[in-house]
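> Start counting the sequence shown at 1; every next residue gets the next number (UniProt numbering).
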Amino acid sequence: MSTQTPASVTLAVANQKGGVAKTTSVASIGAALAELGHRVLLVDLDPQACLTFSLGIDPEDLEVSVHHVLTQGVDPAEIIIETEDGVDLLPATIELARAEADLLTRTGREHVIKGALEQLAEDLGDEAYDWVLLDCPPSLGVLTVAALTASDGVLVPLQCETLSHRGVGQLLDTVHDVRRFTNRGLEVWGVLPTLYDGRTNHARTVLETISETYDLEVVEPPIPKTIKFAEAPAAGRSILSTSRSSKGAQAYREVAKNLVERASRPKKKATRKPARTKK
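1. Rounded to whole angstroms, how far is the Cβ of V218 from the Cβ of V191, which I believe are closer than 8 Å?
2. What number of angstroms, rounded off, separates the C-alpha of H111 from the C-alpha of T182?
3. Determine whether the beta carbon atoms of D152 and T10 lie at a separation below 8 Å.
4. Answer yes or no: do D102 and T52 have a C-beta to C-beta separation smaller than 8 Å?
5. Grab me the residues of E261's own chain with a C-beta within less than 7 Å of its C-beta, minus the 5 sequence neighbours each way, in chain order.
6. Is it the case that the stretch 224-239 contacts the stretch 185-200, given that we only count it when at least three CB pairs across the two stretches are under 8 Å?
7. If contacts are defined as beta-carbon pairs under 8 Å, then D46 and P137 qualify, I think. What distance do you get, rounded to the angstrom?
8. Whole angstroms are fine: how far does the CA of L140 sit from the CA of T194?
9. Return the first residue and the last residue of the alpha helix (DSSP H) that A12 is part of.
10. Distance check for Q16 and L36, CA to CA, integer angstroms please.
11. So is P76 buried or exposed if we call it buried at 16+ other beta carbons inside 10 Å?
12. Please give me, in chain order, every unbroken run of the beta strand (DSSP E) with length at least 3 that falls completely inside the stretch 153-212.
13. Tell me which residues share the same chain as L62 and place their Cβ nearer than 7 Å to its Cβ, disregarding the 5 neighbours each side in the sequence.
14. Within its chain, find whatever has a CB closer than 7 Å to the CB of A249; leave out the 5 residues flanking it on each side and keep chain order.
15. Quick check: what's the CA-CA separation for T144 versus V178?
16. State the Cα-Cα distance for the pair S8 and H165, rounded to the nearest angstrom.
17. With a Cβ-Cβ cutoff of 8 Å, do A12 and L117 count as a contact?
18. Quick check on DSSP: helix, strand or coil for I94?
19. Should R180 be labelled buried (16 or more other beta-carbon atoms within 10 Å of its own) or exposed?
20. If you draw a straight line from the alpha carbon of E161 to that of Y214, how long is it in whole angstroms?
21. How about V64 and V74: do their beta carbons lie closer than 8 Å?
As structure tokens, this is what we get:
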């Protein structure tokens with residue numbers, strides 16, 4: 001039985017540092033939400049097209065992709081691909097690397113993803129997606145800002161190692177700017193601990209430090225480090241299909257349930273920072 005979210009939720013999964021299991025998290029959370037009965041769209045915004053490849057689609061075989069939606073106004077409904085994991089995909093190709101340059105000089109570039117998703121929701125009507133997960137590129141460029149502008153929330157996958165949280169402050173600065181200029185309702189849903197080795201005190205310490213330093217929620221449970229994750233993309237499926245009962249698959253199912261619960265929380269009202277008084 002599905003636990004329905006109150007309305008469609010768009011969630012950006014972002015961290016400009018690579019190697020933090022961002023794409024794995026998008027694919028696995030998407031598949032887990034689909035298992036719960038939700039209609040899910042995954043959007044690959046990374047020119048490396050890792051999400052597209054990991055869901056069994058060769059980007060080189062595609063003539064059109066999300067690049068054409070964002071830069072040429074192609075209808076996103078024409079490009080969506082159904083995958084074997086029960087989720088739909090708006091795929092990427094290497095052409096997306098040009099999108100940053102194409103969009104830089106365009107007025108309203110921050111709103112291109114939001115506009116495309118709004119058009120899609122209008123086209124689909126009652127069949128609209130319950131969840132749209134945006135796999136952001138590993139940078140804080142135009143595409144990431146556009147993804148944050150289109151989103152209700154942002155989830156930050158974070159490897160539980162000391163150096164992995166360098167850059168979280170920069171990402172939060174970008175979120176703050178997006179809130180000020182293009183999306184006042186954007187909320188940080190928290191940090192998702194990935195590649196977690198529960199045998200080490202170090203991993204837990206890093207996690208606690210992140211939570212305290214940045215005043216962020218930690219989305220539980222931590223995603224364990226396991227070779228099973230490396231095997232899944234080669235099969236063109238998520239870990240929920242390739243290794244259903246593994247600890248990694250179970251952890252992502254729990255995370256998905258917790259995100260559904262998070263989605264039903266009332267939104268916080270945007271508050272202005274108090275003005276600093278000069279001494």
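Backbone N, C-alpha and C fix where the C-beta goes; we use that ideal spot for every residue, glycine too.
With the structure as the only source:
1. As a position in the sequence shown, residue 218 is number 218, starting the count at 1. As a position in the sequence shown, residue 191 is number 191, starting the count at 1. Sure, about 6 Å apart at Cβ, within 8 Å.
2. On the sequence shown, position 111 is the one that residue 111 refers to. On the sequence shown, position 182 is the one that residue 182 refers to. Going by the C-alpha atoms only, they are around 8 Å apart.
3. Working through the sequence shown from its first residue, we reach residue 152 at position 152. Working through the sequence shown from its first residue, we reach residue 10 at position 10. Going by C-beta atoms, D152 is nearer than 8 Å to T10.
4. By 1-based counting over the sequence shown, the position of residue 102 is 102. By 1-based counting over the sequence shown, the position of residue 52 is 52. Not closer than 8 Å, so no.
5. In the sequence shown, residue 261 corresponds to position 261, counting from 1. None.
6. yes
7. Your numbering for residue 46 matches position 46 in the sequence shown. Your numbering for residue 137 matches position 137 in the sequence shown. Right, the Cβ-Cβ distance comes to about 4 Å (below 8 Å), so this counts as a contact.
8. The residue labelled residue 194 in the question sits at position 194 within the sequence shown. The residue labelled residue 140 in the question sits at position 140 within the sequence shown. Going from the Cα of T194 to the Cα of L140 covers about 20 Å.
9. Along the sequence shown, one-based indexing puts residue 12 at 12. Secondary structure note for A12: it is in no alpha helix (DSSP H), and the uninterrupted beta strand (DSSP E) holding it is 9-13.
10. Within the sequence shown, residue 36 is the residue found at index 36, counting from 1. Within the sequence shown, residue 16 is the residue found at index 16, counting from 1. Cα to Cα, L36 sits roughly 30 Å from Q16.
11. As a first step, residue 76 must be located in the sequence shown, where it is residue number 76. P76 comes out buried.
12. 153-159, 187-194
13. Within the sequence shown, numbered from 1, the residue matching residue 62 stands at position 62. Same-chain partners within the cutoff: P91, T93.
14. Residue 249 sits at position 249 when you count from the first residue of the sequence shown. Closer than 7 Å at the Cβ level, and outside the excluded window around A249, lie I239, L240, S243.
15. Translated into positions along the sequence shown, residue 144 becomes position 144. Translated into positions along the sequence shown, residue 178 becomes position 178. Cα to Cα, the separation comes out at about 10 Å.
16. The sequence position of residue 8 within the sequence shown is 8, counting from 1. The sequence position of residue 165 within the sequence shown is 165, counting from 1. For S8 and H165, the gap between their C-alpha atoms comes out near 30 Å.
17. Counting from one through the sequence shown, the residue named residue 12 turns up at place 12. Counting from one through the sequence shown, the residue named residue 117 turns up at place 117. The answer is no: Cβ separation not under 8 Å.
18. The residue you call residue 94 lines up with position 94 of the sequence shown. Helix, per DSSP.
19. Here the question's residue 180 lines up with position 180 in the sequence shown. Burial call: exposed.
20. The residue you call residue 161 lines up with position 161 of the sequence shown. The residue you call residue 214 lines up with position 214 of the sequence shown. Straight-line Cα distance between these residues: approximately 16 Å.
21. Position 64 of the sequence shown, counted from the first residue, corresponds to residue 64. Position 74 of the sequence shown, counted from the first residue, corresponds to residue 74. Yes, Cβ-Cβ distance for V64 and V74 is below 8 Å.
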